[in-house]
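For reference, the structure discussed in these notes is given below.
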Amino acid sequence: MLVDSHCHLDRLDLAAHGGSLDAALDAARERGVGHFLCIGVSADNAADVKALAERYADVDCSVGVHPLDVQPDAAPALDWLLRELDHPRVVAIGETGLDYHYEPEAADVQQASFRLHLEAARQTGKPVIIHTRGARADTLALLRDAALPQAGVLHCFTEDWNMAKAALDMGYYISLSGIVTFRNADALRDVASKVPADRLLVETDSPYLAPIPYRGKPNLPQYVREVAEFLAMLRGESYERFAEQTTENFKQLFPLAHVRPVNA
Numbered sequence: 010m011l012v013d014s015h016c017h018l019d020r021l022d023l024a025a026h027g028g029s030l031d032a033a034l035d036a037a038r039e040r041g042v043g044h045f046l047c048i049g050v051s052a053d054n055a056a057d058v059k060a061l062a063e064r065y066a067d068v069d070c071s072v073g074v075h076p077l078d079v080q081p082d083a084a085p086a087l088d089w090l091l092r093e094l095d096h097p098r099v100v101a102i103g104e105t106g107l108d109y110h111y112e113p114e115a116a117d118v119q120q121a122s123f124r125l126h127l128e129a130a131r132q133t134g135k136p137v138i139i140h141t142r143g144a145r146a147d148t149l150a151l152l153r154d155a156a157l158p159q160a161g162v163l164h165c166f167t168e169d170w171n172m173a174k175a176a177l178d179m180g181y182y183i184s185l186s187g188i189v190t191f192r193n194a195d196a197l198r199d200v201a202s203k204v205p206a207d208r209l210l211v212e213t214d215s216p217y218l219a220p221i222p223y224r225g226k227p228n229l230p231q232y233v234r235e236v237a238e239f240l241a242m243l244r245g246e247s248y249e250r251f252a253e254q255t256t257e258n259f260k261q262l263f264p265l266a267h268v269r270p271v272n273a
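In this text, residue positions in the sequence shown follow my numbering: the first is 10, and each later residue adds one.
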């Protein structure tokens, strides 16, 4: 069984499945995907991701505000976030983090939001899902300052081994997406080959970043199979063992997730 550890089910392009989310999830299930983590990115979609998690037994969700969705003049309120997190299908916080690639001028407000999410993680014990781009030093510094007792994950990782190693040393997991299959991703493939087997997750980040051979098309949860097969080959592991290990990793990182046994 595979887990798509990071997907945006409320944003999928469902044209390939006749506009049906049920059909899109069934297509993924037929390829061995047994669980999905639907990610919150804003106050506006918190209700949507929770509704999806309530609707499907094999979907859980997170709630948070993406760094590029933080309002220019204010970080989200801690009391709002804590209320949203108090739900049985919300198993994680985020995605949160820092993205200076598109909005370097928003560093201060992004950092304030990131700190707030880390404080919510401290108070709830739920793991944090981290987006980082163009902000290596600040991301690591804020994680060190938070010193959370529970782990989190750097999702859709695209940075170098030095950053991965620093995050791993703090107890974080690394999640890889279809980017690792791209022709110009040699540095990322080096990271993928070095991450310890028990600290690796796999994701689509759908509808974004479809893997080869679907690059340039809308991404779908069913394509997590391509990412997993590629990574297993790269790491010299059997696909079956890779799927089993990354599913176990997901369960360890997200202990509140409602992951059912394969034959349930």
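Even for Gly, the Cβ is constructed at its ideal location relative to N, Cα and C.
Classified as exposed, A56 has fewer than 16 neighbouring CB atoms from the shown chains inside 10 Å of its CB. S122 and G106 have their C-alpha atoms spaced approximately 8 Å apart. As DSSP reads the structure, D13 sits in a beta bridge with F45. Distance from the CA of A175 to the CA of P270, rounded to the nearest whole angstrom, comes to 33 Å.
Under a 10 Å Cβ-count criterion, P230 is classified as buried, with 16 or more other Cβ atoms of the shown protein chains found around its own Cβ. Within the same chain, T105, G106, L107, D108, E112, A115, Q119, S122, F123 and H140 come within 8 Å of P76 by CB-CB distance, once the 5 residues on both sides are set aside. Judged by DSSP secondary structure, H126 falls within the alpha helix (DSSP H) whose first and last residues are A116 to T133. From the listed residues P85, L185, A86 and L18, the smallest Cα separation to L61 is found for L18.
By the Cβ-count criterion, D195 is exposed, with fewer than 16 other Cβ atoms from all chains shown falling within 10 Å of its own Cβ. Judged by beta-carbon spacing, A129 lies beyond the 8 Å limit of L163, meaning their Cβ atoms are not closer than that value. Ranking R64, L157 and Y232 by CA distance to the CA of P216 puts Y232 first. Cβ contact annotation for I138 (same chain, cutoff 6 Å, sequence separation greater than five): S71, A101, G103, E104, V162 and H164, in chain order. When only Cα atoms are considered, A237 and L125 end up about 33 Å apart. Contact between R98 and E63 holds, with the beta-carbon distance rounding to 6 Å and staying under 8 Å. The straight-line gap separating the alpha-carbon atoms of C47 and D67 is approximately 10 Å. Contact annotation: F239 and T190 have beta-carbon atoms nearer than 8 Å. Three or more Cβ pairs closer than 8 Å define a contact, and the stretch 27–44 falls short of that threshold against the stretch 198–207. Every unbroken stretch of the beta strand (DSSP E) spanning 3 or more residues and falling wholly within the stretch 155–223 is given here in chain order: 182–185 and 209–211. Pairing P85 with V50, the inter-Cα distance amounts to about 12 Å. Looking from the CA of R153, the closest CA among D178, E246, T133 and T167 belongs to D178.
A straight-line Cα-Cα distance of about 15 Å links A219 and T167. In the structure shown, E104 adopts extended strand secondary structure according to DSSP, grouped into three states.
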